[in-house]
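Residue numbering for the sequence shown is -21 to -1, 1 to 215, as defined by mature numbering (1 follows the signal peptide of the UniProt record, and there is no 0).
The beta carbon of each residue, even a glycine, is placed where N, CA and C say it ideally should be.
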Amino acid sequence: MQKIMLFFVALLIAFVPVANANQDDEIEPFTWGEQYLEELKKVDIPVYIPSHVASSEFSRRLGHLFVSKLEASKDHYLFEISRQRVRDGESKMLTFDVMTMSAGTLPSYRKQPFSTYEMFEIPEGATKFNGYDVKYYANKRAFIWKDIGWEYLVWAENTNNAINIMKRVMATIPKGSNPVHGAIKGQITAIDTNGGVRSDAGWSYDNGKTWYIITGRTTPEQLTKILESMVKVDTR
């Protein structure tokens, strides 16, 4: 009996780490090296960076995460996070982009973070959907709605896909919730692509003077978790 009990205890110990490792397979922690944090101290505007990035079992096989690009100036910063690995028997590094984030003032020719919205300035009609006032465009293949200072845009090749993406985004970001803590306004896009639904986000803490923009190969669910992981860097 004692041997049987020890056997089950051993099984539990063996499976606990696996269960914990798979608690959230959509994102993974990202550690910022001290050299990058030092570089960001050049920036005068508030600096926010993600503590997690999009992930999956497949993408983790592509290599380790690293900062592949970093630009920092007084009123602007931009960085790219990628994966990198060396194929067996080869010396050349393979790099796979994960996400890009920038912050600063928008160029004068841009009215908003995502020019995609400018393609849909005149709606074809409006409807009520899940408690939102939704405007539709492009023969009901694109939908836009607003909530507490945020605009949401979904776009797909057909109406059915667009509606399903809209349901997905609304379920991921419930009505009345702020995707980024402390943000006053923002935009989120969810667009159907050959690689699946891809989402980007842009937001402002100061009513549009400074915009923070994230783009990358992220699903709406991954994007929301990345936005929740944003931390402010002490640049003093």
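Between the C-alpha atoms of Asp213 and Ala117 there is a straight-line separation of about 45 Å. Ranked by how close their Cα comes to the Cα of Gln91, the residues Gly181, Leu202 and Gly174 have Gly181 in first place. Within the same chain, Asp4 and Glu5 come within 8 Å of Ser35 by CB-CB distance, once the 5 residues on both sides are set aside.
Within the same chain, and ignoring the five residues on either side of Thr95 in sequence, the residues whose Cβ sits closer than 7 Å to its Cβ are Leu132 and Thr168.
The beta carbon of Thr106 is closer than 7 Å to those of Val113 and Tyr115 in its chain, skipping five residues each way along the sequence. In the displayed model, Leu19 falls within a helix according to three-state DSSP.
Take the alpha-carbon of Asn173 and the one of Pro199: they are about 16 Å apart.
Of the residues Gln14, Asp54 and Asp179, the one whose Cα lies closest to the Cα of Leu206 is Asp179.
DSSP places Lys107 in the uninterrupted beta strand (DSSP E) bounded by Gly104 to Phe108.
Measuring C-alpha to C-alpha distances from Glu50 to each of Arg62, Asp23 and Leu19 identifies Leu19 as the nearest.
The shortest CA-to-CA distance from Ile24 to any of Met149, Thr138, Tyr191 and Pro153 is the one to Tyr191.
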